[in-house]
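Enquirer: This note's numbering applies: residue 922 is where the sequence shown begins, and numbers increase by one.
Ideal Cβ placement from N, Cα and C applies to all residues, glycine included.
Can you read through this structure? Questions will come right after.
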Amino acid sequence: MNQRAAALCEKSLTWCIPLGRILYNERECFPRSTRGELILQITYEDAWANFTSVHCQIETVELPEAAPEQFLRMTTLSRTIT
922 MNQRAAALCE KSLTWCIPLG RILYNERECF PRSTRGELIL QITYEDAWAN
972 FTSVHCQIET VELPEAAPEQ FLRMTTLSRT IT
C-alpha cells in the first residue's frame, strides 16, 4: 500500500485466509456451518487513520461436496490475574 499516492486514489489489499494447510482441499477445510454461526470481526480504528474512506469487500469460497476429515482450529484463552 502506498500512502503517498495522490488523493482519492483507489488502493486495494487482498488477504487469503484458507482455514486449511492447502487451498481448496476437500479433505481438510473449514466444516459446514449454519447461517450466523461463523462471524468475521474486524476492527478498523488505528490501522486506517491515514485514509479518508475505507470500503471492505468480503468474498468466500465454498466447497459444497466437501467432507472434511480434519480442519485447523485456533482457540484464544485469556486470564485475568488477581
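#1: Taking 8 Å as the limit between beta carbons, can you name the residues of its chain near Y945, skipping five residues before and five after?
#2: Buried or exposed for C950, please, with buried defined as at least 16 other CB atoms from any protein chain shown within 10 angstroms of its CB.
#3: Could you give the DSSP three-state label for Q991: helix, strand or coil?
#4: Bridge partners of E986, per DSSP?
Expert: On the basis of the supplied data:
#1: Same-chain partners within the cutoff: V982, L984.
#2: Buried, since its Cβ has 16 or more Cβ neighbours within 10 Å.
#3: Three-state result, Q991: strand.
#4: Looking at the DSSP output, E986 sits in no beta bridge, so it has no partner there.
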